[in-house]
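The sequence shown begins at 596 in the numbering used here and counts up by one.
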Amino acid sequence: MIGVDWGTSNFRAFRVSAEGAVLARRSSPQGLLRVREGKFEEALRAEVGDWLAEGEKHILLCGMIGSREGWVEAEYLPSPVGIAELAKAVIQVPFPGAKVRLVPGVKGPDAAGVPELMRGEETAAVGMLDACAGAGLVCFPGTHSKWIQLSDRKIVSFTTCMTGELYSAVRKCTILERTMNSSAAVDKTAFHDGVVRSADLGGLLHHLFGVRTLALMGELREESSASYLSGLLIGHEVRATMPRGSRVHLVGAAHLCRLYAQAIEACGGGATVEGEDAAALGLAAIGRRLSWT
């Protein structure tokens, strides 16, 4: 089978065996926003056409490709949901020469009853079930970080934090930009100081202005301001979503997972950085339960 995690900005494909082993992988920036005029069939063939030519006839898609802006819109399943429910709800996508199926997203209320939604992370989360022994807290850091609670081999609840997007917006589109340079290197000390600051009284909106005042008063180097801001935002995210003392399984880009692990430990939790193949494992697990007829 070919498994595809097709997001807004990126395309990741995996060739998996009948037993679920990843035989080959590839990625590109050909996210759905870069597909012109809705030519998703052509885009998919361009990415995995050689695998199809070698005999693959089954493709399973997940991610934002199933959104309203994607190829075919798939409805959201209500949580709790597990592998069996996701497999039962896949939808067909027209594609001459191969059978293509699409995994639905998942929805559920937050603690106040406000809707939560995800597409793609549900597949990666069920790919983590074995690593978590069927239960645990999984975090997918990123533009919109997802914290997913697994129990009894099902997704039972989840929380989204727009931390990555907020970091980019605050850094580039507010007055804080004036006291930051473009250095990409992470200052671990400044990052830690930001995480520690997130525990203080005053709240995030007040703490954000402190990024500027610390720099103006010479207490924070401009070269370190971005790292401090990152620690501040991630610290607030962790404190708002992680029950103290929790063990968190981190899945995502290695450099970002390392930062989250540092923040989680500073906030009284423990972290395990998992491999980046959670989506492939989830796609394989769902694919094994499909009849493909």
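Glycine included, every Cβ here is placed at the ideal spot set by N, Cα and C. What you are looking at is a predicted structure, and each value in this text was computed from that prediction instead of being measured.
Beta-carbon proximity list for residue 776, same chain, < 7 Å, skipping 5 on both sides: Residue numbering aside, residue 776 sits at position 181 when the sequence shown is read from its first letter. For residue 776, where only same-chain residues beyond five positions count, the Cβ hits under 7 Å are 817 and 818.
Nearest to residue 832 (by Cα), restricted to the options 625, 782 and 737: Mapped onto the sequence shown, residue 832 falls at position 237. Among 625, 782 and 737, the Cα nearest to that of residue 832 is on 737.
Start-to-end residues for the alpha helix (DSSP H) that takes in residue 879: As a working mapping, residue 879 is identified with position 284 in the sequence shown. Its alpha helix (DSSP H) spans residues 873-882.
Opposing strand residues paired with residue 671 [DSSP bridges]: For the purposes of this step, residue 671 is identified with residue 76 of the sequence shown, where counting begins at 1. Beta-bridge pairing links residue 671 to 700.
Whole-angstrom distance between residue 714 and residue 757, CA atom to CA atom: By 1-based counting over the sequence shown, the position of residue 757 is 162. By 1-based counting over the sequence shown, the position of residue 714 is 119. Linking residue 757 to residue 714 through their CA atoms gives a straight-line distance of about 15 Å.
Range covered by the beta strand (DSSP E) that runs through residue 660: Here the question's residue 660 lines up with position 65 in the sequence shown. From DSSP, residue 660 is part of no beta strand (DSSP E); its letter is neither H nor E.
Beta strand (DSSP E) segment containing residue 844, residue limits: As a working mapping, residue 844 is identified with position 249 in the sequence shown. Residues 842-845.
Residue 854 to residue 728 span [Cα, whole Å]: Within the sequence shown, numbered from 1, the residue matching residue 854 stands at position 259. Within the sequence shown, numbered from 1, the residue matching residue 728 stands at position 133. If I take the Cα positions, the gap works out to 25 Å.
Straight-line Cα distance separating residue 871 from residue 851: Residue 851 sits at position 256 when you count from the first residue of the sequence shown. Residue 871 sits at position 276 when you count from the first residue of the sequence shown. Approximately 12 Å between the Cα atoms of the pair.
Counted within 10 angstroms of its Cβ, other Cβ atoms place residue 606 as buried (16 or more) or exposed: Numbered from 1 along the sequence shown, position 11 holds the residue referred to as residue 606. Buried, since its Cβ has 16 or more Cβ neighbours within 10 Å.
Burial state of residue 753 (16 or more Cβ within 10 Å): What you label residue 753 is simply residue 158 of the sequence shown in a count that begins at 1. By the neighbour-count rule (16 or more Cβ atoms within 10 Å), residue 753 is buried.
Alpha-carbon spacing of residue 893 relative to residue 823, whole angstroms: Residue 893 lies beyond the range of the chain shown here (596 to 888); nothing can be said about it.
7 Å CB neighbourhood of residue 886 in its chain, flanking five on each side removed: Numbered from its first residue, the sequence shown carries residue 886 at position 291. Same-chain partners within the cutoff: there are none.
Residue(s) in a DSSP beta bridge with residue 600: Along the sequence shown, read from residue 1 onward, the residue named residue 600 stands at position 5. 607 and 657.
Buried or exposed (CB count within 10 angstroms, at least 16 for buried), residue 844: On the sequence shown, residue 844 is found 249 positions in, with the first residue counted as 1. Buried is the call here.
Residue environment, residue 749, which counts as buried when at least 16 other CB atoms sit within 10 Å: The count along the sequence shown starts at 1 and reaches residue 749 at position 154. Residue environment: residue 749 is assigned as buried (16 or more neighbouring CB atoms within 10 Å of its CB, all protein chains considered).
For residue 825, the nearest candidate out of 621, 847, 799 and 640 (CA to CA): The residue given as residue 825 occupies position 230 in the sequence shown. Considering only alpha carbons, the answer is 799.
Nearest to residue 745 (by Cα), restricted to the options 880, 619, 677 and 888: Locating residue 745 in the sequence shown gives position 150, counting from the first residue. Selected option, being the one with the closest Cα: 677.
Residue 881 classed as buried or exposed, judged by whether at least 16 other C-beta atoms fall within 10 angstroms: Within the sequence shown, residue 881 is the residue found at index 286, counting from 1. Flag for residue 881 reads buried.
Check whether residue 719 and residue 877 have beta carbons under 8 Å apart: Here the question's residue 719 lines up with position 124 in the sequence shown. Here the question's residue 877 lines up with position 282 in the sequence shown. In contact: residue 719 and residue 877 (Cβ atoms closer than 8 Å).
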